[in-house]
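K.L.:
Protein chains in written order, with full-length UniProt numbering: chain A, 1 to 317; chain B, 1 to 317.
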């Protein structure tokens, strides 16, 4: 039992909610915060972007691999990245937390700190939520966002001739997860990338402003997610392997663990990079680099050929 | 295994999401529905009301007491009522569903049908969500709503001299739950009230329009929820027992089961009635009836005295 917590059994649902909400602070978009039947959030252009992601212990995280704060960062990042991938700015999070009754209350408070800290990096706030006891630790996060009067950038607008570009890293989190799953705790670069993804949030609205034709958050793995873009847009996407640098720590870890590092780079999820397509005449905004091209056809290729190996991640398989 | 479903193991996450979203339809507030990184929903007055509720199997529902469609209705109702209790009109739901991998896909489809059907009664739509395998069947729902240019009605505005009023039923769902928990399946009136609450959604915006000073969704039980209003408003609330009629089926069930029916009426949750306070000069809108009054002080009384018995419901106790 944590020194801070008497556990949920002792505090009760309302007591724990009070402890958690006492730790929060609110950005200017929050017109009414937690404590009532619902929150009220500003939606300046009369539209709101909304997305939900759920994390289940043992499937999306493990308490022996990540601290509560880390898990909060990662749960928030997965959602905030979805809003950025529409070209929008996140404004608010709502969190449904299901926790084993004997888990010390300090765990939930640390989780809330992580969620709030990650949201604060983009000026967003935790505005509401719900809590229940459950045998399975589960965190469902809903994010709201503001499009800033631009149309949303969907997966469906890529055109033949477009440039495929990437903002942020891929493969780092997947490599970190492999390292942890083999019982190691280093290299830190990879393990920390898994625990707290570094998401290029501002690159989303920047891409929308520059005229990106399609955009997606890389959560299932780059090739799988570009596959979603190819399918929704009715086009073919090709990725160039030489657009990816294998950092030293990743090369060393790959060698030690007997893994092809390009499997991490091209099919690893959880870094929440953003992938987008731009008309060829567009100068890519800061943070974006070209990694391939769009052509007539269907499917995703690497250097013109089908990728041999695992394509992505399906949480039911 | 259902005749419709090969189960989640066979379909995978994307396959099941496709099956579920194929069943949905969208109201005018849905600017972009499921299938992208996020949905886009209209927020006509540049604000959005948002709330999240989570239901955990064995704690908030049991599959042997309610069908998947019923559980969908109830999960949606719990959320839609929170928006109505702010004086707003629900526009959209997002659903995070965690399901045991061997559960037949027909179950998730039926759940989605129930969620969508309940949302459709107020013109709202399911616009997004997420799905994961989990050992514990868990449904987290987020609801969005539109205030129609009115200020939100919070729990904090009740004033001494106000009338306390109720829209909808209390105690029916709690009675139905007691009946089910004792192994009975009738009276149908009570069991069905538990399975599919009849929520007076339009009474929320109507109360806001009429000048309600405070409002709350009765989910923890009338006395507990009026306690939240009393605390947030810094007032005392008194409820009159004679404002409540005990219907015949409830009286019979109470007698057979050895329960005081007023325990159901005054402390039972899950019907999602709305309770509000109105200035004494206001003519109550249709669907509302007076049940008590507000005075200076603190706490909740029944006929001027403290209520002896269970006060409400805390999911951790």
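Where a beta carbon is used, it is the ideal one built from N, C-alpha and C, also for glycine.
Which same chain residues end up closer than 8 Å to residue 298 of chain B when comparing Cβ atoms and leaving out the 5 residues on each side of it in sequence?
P.N.:
On the second chain, residue 298 of chain B is found 298 positions in, with the first residue counted as 1. The residues are 230, 231, 234, 235, 236.
K.L.:
Considering only their Cβ atoms, is the gap separating residue 160 of chain A from residue 246 of chain A smaller than 8 Å?
P.N.:
Within the first chain, residue 246 of chain A is the residue found at index 246, counting from 1. Within the first chain, residue 160 of chain A is the residue found at index 160, counting from 1. Against a cut-off of 8 Å, the Cβ pair of residue 160 of chain A and residue 246 of chain A comes out as no contact.
K.L.:
Once you ignore the five residues that flank residue 91 of chain A on each side, which residues in its own chain have a CB closer than 6 Å to its CB?
P.N.:
By one-based count along the first chain, residue 91 of chain A stands at place 91. Here the set comprises 29, 41, 124, 144, 145, 146.
K.L.:
Determine the burial state of residue 142 of chain A: buried for a count of at least 16 other Cβ atoms within 10 Å of its Cβ, exposed for fewer.
P.N.:
Within the first chain, numbered from 1, the residue matching residue 142 of chain A stands at position 142. By the neighbour-count criterion, in which a residue is buried when 16 or more other Cβ atoms sit within 10 angstroms of its Cβ, residue 142 of chain A is buried.
K.L.:
Counting only beta-carbon atoms, is residue 44 of chain A nearer than 8 Å to chain B?
P.N.:
The sequence position of residue 44 of chain A within the first chain is 44, counting from 1. So yes, residue 44 of chain A belongs to the interface.
K.L.:
If you measure between the beta carbons of residue 97 of chain B and residue 139 of chain B, is that distance less than 8 Å?
P.N.:
Here residue 97 of chain B corresponds to residue number 97 of the second chain, with the count starting at 1. Here residue 139 of chain B corresponds to residue number 139 of the second chain, with the count starting at 1. Cβ atoms of residue 97 of chain B and residue 139 of chain B: closer than 8 Å.
K.L.:
With distances taken between CB atoms, is the gap from residue 88 of chain B to residue 205 of chain B smaller than 8 Å?
P.N.:
Counted from its first residue, the second chain places residue 88 of chain B at position 88. Counted from its first residue, the second chain places residue 205 of chain B at position 205. Closer than 8 Å, so yes.
K.L.:
Please classify residue 64 of chain A as buried or exposed, where buried requires at least 16 other C-beta atoms within 10 Å of its C-beta.
P.N.:
In the first chain, the residue the question calls residue 64 of chain A occupies position 64. With fewer than 16 Cβ atoms within 10 Å of its Cβ, residue 64 of chain A is classed as exposed.
K.L.:
Taking just the CA atoms, how far does residue 263 of chain A sit from residue 302 of chain A?
P.N.:
Here residue 302 of chain A is taken as the residue at index 302 of the first chain, counted from 1. Here residue 263 of chain A is taken as the residue at index 263 of the first chain, counted from 1. If you take the alpha carbons of residue 302 of chain A and residue 263 of chain A, they lie about 12 Å apart.
K.L.:
Mind checking which residues open and close the alpha helix (DSSP H) that includes residue 178 of chain A?
P.N.:
Here residue 178 of chain A corresponds to residue number 178 of the first chain, with the count starting at 1. Segment 172 to 181, the alpha helix (DSSP H) holding residue 178 of chain A.
K.L.:
Please list, in chain order, the chain B residues whose beta carbon lies closer than 9 Å to that of residue 155 of chain A.
P.N.:
Numbered from its first residue, the first chain carries residue 155 of chain A at position 155. Under the 9 Å cutoff, chain B gives 35, 36, 37.
K.L.:
What residues from chain A crowd round residue 229 of chain B, counting only those whose CB sits closer than 9 Å?
P.N.:
Against the second chain, residue 229 of chain B aligns to sequence position 229. Result: empty, since nearest Cβ-Cβ is about 10 Å, beyond 9 Å.
K.L.:
Can you name the residues that DSSP bridges to residue 384 of chain B?
P.N.:
This structure leaves residue 384 of chain B out entirely; chain B is present only between 1 and 317.
K.L.:
DSSP beta-bridge partners for residue 143 of chain A?
P.N.:
As a position in the first chain, residue 143 of chain A is number 143, starting the count at 1. Residue 143 of chain A is bridged to A:51, A:93.
K.L.:
In the DSSP output, which residue or residues are listed as bridge partners for residue 129 of chain A?
P.N.:
Locating residue 129 of chain A in the first chain gives position 129, counting from the first residue. DSSP lists A:95 as partners of residue 129 of chain A.
K.L.:
Report yes if the C-beta distance between residue 77 of chain B and residue 218 of chain B is below 8 Å; otherwise report no.
P.N.:
For the purposes of this step, residue 77 of chain B is taken as residue 77 along the second chain, with counting starting at 1. For the purposes of this step, residue 218 of chain B is taken as residue 218 along the second chain, with counting starting at 1. The answer is no: Cβ separation not under 8 Å.
K.L.:
Closest Cβ-Cβ distance between residue 20 of chain A and chain B: below 8 Å?
P.N.:
Translated into positions along the first chain, residue 20 of chain A becomes position 20. With 8 Å as the cut-off, residue 20 of chain A does not count as an interface residue toward chain B.
K.L.:
Going by DSSP, name the residue or residues bridged to residue 273 of chain B.
P.N.:
One-based indexing of the second chain puts residue 273 of chain B at position 273. Residue 273 of chain B is bridged to B:218.
K.L.:
What distance in whole Å lies between the Cβ atoms of residue 289 of chain A and residue 165 of chain A, which are believed to be in contact at a cut-off of 8 Å?
P.N.:
Taking the first chain and counting its residues from 1, the one referred to as residue 165 of chain A is at position 165. Taking the first chain and counting its residues from 1, the one referred to as residue 289 of chain A is at position 289. Indeed they touch by this definition, with Cβ atoms about 6 Å apart.
K.L.:
At 7 Å on the CB atoms, spell out the chain A contacts of residue 54 of chain B, in chain order.
P.N.:
Working through the second chain from its first residue, we reach residue 54 of chain B at position 54. Ordered by position in chain A, the residues that pass the 7 Å Cβ test against residue 54 of chain B are 96, 98, 130, 132, 140.
K.L.:
From which residue to which residue does the alpha helix (DSSP H) around residue 77 of chain B run?
P.N.:
Position 77 of the second chain, counted from the first residue, corresponds to residue 77 of chain B. Here the alpha helix (DSSP H) through residue 77 of chain B covers 68 to 84.
K.L.:
Going along chain A in order, which residues have a C-beta closer than 8 Å to the C-beta of residue 275 of chain B?
P.N.:
Numbered from 1 along the second chain, position 275 holds the residue referred to as residue 275 of chain B. Chain A residues near residue 275 of chain B: none, gap ~11 Å exceeds 8 Å.
K.L.:
Using three-state DSSP, classify residue 46 of chain A as helix, strand or coil.
P.N.:
In the first chain, counting from the first residue as 1, residue 46 of chain A sits at position 46. Coil, per DSSP.
K.L.:
Here's a check: name, in chain order, each residue in its chain whose Cβ is nearer than 7 Å to the Cβ of residue 180 of chain A, leaving out the five neighbours to either side.
P.N.:
Along the first chain, read from residue 1 onward, the residue named residue 180 of chain A stands at position 180. So the qualifying residues of the chain are 65, 191, 194.
K.L.:
Can you tell me where the beta strand (DSSP E) with residue 190 of chain B in it begins and where it stops?
P.N.:
Indexing the second chain from 1 puts residue 190 of chain B at position 190. Not the beta strand (DSSP E): residue 190 of chain B falls in the alpha helix (DSSP H), residues 188 to 195.
K.L.:
State the beta-bridge partners of residue 289 of chain A as determined by DSSP.
P.N.:
In the first chain, residue 289 of chain A corresponds to position 289, counting from 1. Paired residue(s): A:166.
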